[in-house]
Amino acid sequence: MTTFILGTSPTHADAAHESRLILRTLQGDTAHYETDIPLPSPNWPPNVTSAANILRDVATRTGRIEPGGYAQTGVIAYADDQVWSAFVDFAPWAYDATVWNSAGDDIVSLADEGQSIVIRVNRQQYDAITGALGAGRLHKAS
Numbered sequence: 000m001t002t003f004i005l006g007t008s009p010t011h012a013d014a015a016h017e018s019r020l021i022l023r024t025l026q027g028d029t030a031h032y033e034t035d036i037p038l039p040s041p042n043w044p045p046n047v048t049s050a051a052n053i054l055r056d057v058a059t060r061t062g063r064i065e066p067g068g069y070a071q072t073g074v075i076a077y078a079d080d081q082v083w084s085a086f087v088d089f090a091p092w093a094y095d096a097t098v099w100n101s102a103g104d105d106i107v108s109l110a111d112e113g114q115s116i117v118i119r120v121n122r123q124q125y126d127a128i129t130g131a132l133g134a135g136r137l138h139k140a141s
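Just so we're aligned, residue 0 is where the sequence shown starts under numbering that gives the first Met the number 0, counting upward by one.
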């Protein structure tokens, strides 16, 4: 597996699209994941607000919610379900979102509302992601 950094996206909408594409591409290798849920923003699209509400419900059971409303899901075991779909929708708006494979490797790390995206992938995954994003978007981490 090799670590890559996604180049800076021109807009947040582009970063969100790219983040979701990466998460869906690596879905089959996902074993666990986690995210924080910042306070709601009026700028969030309706699907992001709905996803945040689903993840906030998870945080009441497995993570934590601070008195001001900031929440963390805690580590969630992967299942192809409503919670994973909410995670994929919401992750580009999180301050921190991480995905691990069954070996415990962090394979996706998103930070700062999708402005920093680091992935660890094999050659086949790399080819799938660059095929969808275009050449030159992933840069090998040093």
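Note that the Cβ used here is the ideal one computed from N, Cα and C, for glycine as well.
First and last residue of the uninterrupted alpha helix (DSSP H) at Trp99: That residue, Trp99, is in no alpha helix (DSSP H); its beta strand (DSSP E) goes Asp95 to Trp99.
Give me, in chain order, the residues of the same chain whose beta-carbon lies closer than 7 Å to that of Gln124; leave out the 5 immediate sequence neighbours on both sides. Excluding residues within five positions, the ones whose Cβ falls inside 7 Å are Thr24 and Leu25.
Hey, could you find the ends of the alpha helix (DSSP H) Thr129 is sitting in? Counting along the chain, Thr129 sits inside the alpha helix (DSSP H) bounded by residues Arg122 to Leu132.
Does the beta-carbon distance from Ala116 to Leu5 come in below 7 Å? The question names Ala, but residue 116 is Ile in the sequence shown. Result yes, Cβ atoms of Ile116 and Leu5 sit closer than 7 Å.
So, at 7 Å on beta carbons, what are the nonlocal neighbours of Ala85 in its own chain, with the 5 sequence-adjacent residues on each side left out? Take Ala85, set aside five residues on each side of it, and the residues of its chain with a beta-carbon closer than 7 Å to its own are Ala50, Ile53 and Leu54, in chain order.
Start-to-end residues for the alpha helix (DSSP H) that takes in Val82: For Val82, the enclosing alpha helix (DSSP H) begins and ends at Gln81 to Phe89.
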